[in-house]
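Below is one structure; the comments refer to it alone.
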């Protein structure tokens with residue numbers, strides 16, 4: 001009869017076995033981490049491709065829509081927010097309660113580019129004859145010091161956040177925290193057009209970074225900086241208006257505010273827009289954006305009101 005064989009494992013063997021087990025766990029953990037990173041990159045690529053495609057489609061739709069007849073009913077509605085005269089002035093908001101408010105987060109256009117935007121807006125609106133009997137303006141131009149690119153609202157005039165004014169200090173603090181991870185970025189103007197609403201707009205495109213940025217910068221893929229900012233806003237702020245800007249990157253240079261402007265005059269304006277666009281394409285000019293504004297808006301369709309300037313503090317390039 002054979003007795004059961006009892007194995008006595010040496011402590012060194014047990015130690016080696018435990019180390020092997022820990023090593024396998026570490027390898028699996030590392031593999032899971034790499035797979036998660038790759039999955040995130042794949043998702044990011046898909047998302048970025050969608051942003052690029054959606055923006056190209058929207059820009060073409062805006063251009064083609066602007067070639068058709070103006071939406072004169074829309075112009076009449078917009079005109080109600082302005083006081084007519086030798087030049088149009090934006091009317092102040094009238095809120096129902098003292099805690100109501102509109103808050104805009106935007107990228108102020110740097111001085112040199114703002115000067116160019118204002119000059120183009122003036123050049124285009126000057127093509128439109130003034131009202132015959134009153135000599136009143138039929139269009140407005142955005143003030144040079146208010147030229148901006150809309151990013152998002154934390155309280156939209158068409159969708160006010162509850163007790164919005166009480167939220168403003170928290171909104172500013174959250175914006176500052178966001179901007180700690182955003183690097184300054186370059187944008188170039190790519191097109192000027194008149195939309196069917198009568199808005200005269202300059203379309204922009206974010207440019208790719210010339211140097212690789214550190215991984216802690218959320219807009220390392222700089223071409224999609226505005227998209228990333230808007231996505232972060234939805235994740236960060238307590239209220240996300242349903243009517244907010246999504247894909248377009250633009251600045252409103254001016255607006256046609258009279259439904260009686262002749263088709264002949266509008267044809268001249270559209271032709272000049274095409275001419276300016278051709279110049280932009282022939283001689284691309286980029287501008288560095290290194291700050292955002294938090295604007296407590298006081299007037300319709302204009303970033304008038306108290307502003308908090310927030311610098312983009314993320315940065316540093318990989319060696």
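In UniProt numbering, the protein residues as written are 1 to 319.
Built from N, CA and C at the ideal position, the CB exists for glycine as well.
Model, not experiment: these values are computed from the prediction.
Within 8 Å, strictly: CB atoms of residue i and residue j
| i | j | result |
| --- | --- | --- |
| residue 43 | residue 106 | no |
| residue 185 | residue 219 | yes |
| residue 124 | residue 272 | yes |
| residue 147 | residue 287 | no |
| residue 199 | residue 255 | yes |
| residue 224 | residue 60 | no |
| residue 269 | residue 128 | yes |
| residue 89 | residue 258 | no |
| residue 274 | residue 197 | no |
| residue 194 | residue 66 | yes |
| residue 327 | residue 222 | This structure does not reach residue 327, given that the chain is present from 1 up to 319, and the question cannot be answered. |
| residue 207 | residue 310 | no |
| residue 81 | residue 300 | yes |
Any non-hydrogen atom of the ligand NAP closer than 7 Å to residue i Cβ
| i | result |
| --- | --- |
| residue 294 | Of ligands this structure carries none, so the ligand NAP is not represented either. |
Cutoff 7 Å; reference residue i; Cβ partners in own chain excluding five residues on either side
| i | result |
| --- | --- |
| residue 296 | 101, 103, 168, 305 and 306 |
| residue 243 | 156, 158 and 159 |
| residue 237 | 154, 171 and 174 |
| residue 108 | 148, 291 and 293 |
| residue 94 | none |
| residue 281 | none |
| residue 126 | none |
| residue 234 | 240 |
Closest Cα partner of residue i within the set the options
| i | options | result |
| --- | --- | --- |
| residue 140 | 86, 111 and 132 | 86 |
| residue 178 | 153, 207, 128 and 229 | 229 |
| residue 210 | 245, 181 and 315 | 315 |
| residue 144 | 233, 111 and 138 | 111 |
| residue 226 | 46, 81 and 51 | 51 |
| residue 138 | 162, 266 and 232 | 266 |
| residue 232 | 81, 75 and 153 | 153 |
| residue 264 | 68, 213 and 283 | 68 |
| residue 56 | 249, 261 and 81 | 249 |
| residue 161 | 234, 279, 240 and 285 | 240 |
| residue 261 | 76, 214 and 234 | 76 |
| residue 134 | 126, 84 and 64 | 84 |
| residue 245 | 126, 58, 25 and 20 | 58 |
Neighbourhood of residue i by C-beta, 6 Å cutoff - its chain only, sequence neighbours within 5 removed
| i | result |
| --- | --- |
| residue 172 | 294 and 308 |
| residue 16 | none |
| residue 298 | 92, 304 and 305 |
| residue 54 | 247 |
| residue 277 | 191 and 192 |
| residue 285 | none |
| residue 79 | 257 |
| residue 18 | none |
| residue 74 | 197 |
| residue 279 | none |
Residue i - partner residues in DSSP beta bridges
| i | result |
| --- | --- |
| residue 147 | Residue 147 is not bridged to any residue. |
| residue 206 | 187 |
| residue 307 | 295 |
| residue 286 | 188 |
| residue 82 | 90 |
| residue 320 | This structure cannot speak to residue 320, because the chain is shown only from 1 to 319. |
| residue 302 | 299 |
| residue 159 | 156 |
| residue 139 | 256 |
Same chain, Cβ closer than 8 Å to residue i, neighbours up to 5 away in sequence not counted
| i | result |
| --- | --- |
| residue 142 | 117, 118, 121, 251, 252, 253, 254 and 302 |
| residue 312 | 179, 182, 183, 184, 185, 289, 290, 291 and 292 |
| residue 23 | none |
| residue 99 | 163, 164, 165 and 166 |
| residue 217 | 181, 182, 183, 314, 315 and 316 |
| residue 45 | none |
| residue 20 | none |
Minimum Cβ-Cβ distance from residue i to chain C less than 8 Å
| i | result |
| --- | --- |
| residue 85 | No chain C appears in the structure shown, which is made up of a single protein chain. |
Checklist entry - Could you give the uninterrupted runs of the alpha helix (DSSP H) lying entirely in the segment 100-127, keeping only those of 4 residues or more? => result Correct list: 111-125.
Item to check | Segments of 4+ residues assigned as alpha helix (DSSP H) that fall wholly inside the segment 208-268 | outcome: Within the segment 208-268, the complete alpha helix (DSSP H) runs of at least 4 residues are 225-236.
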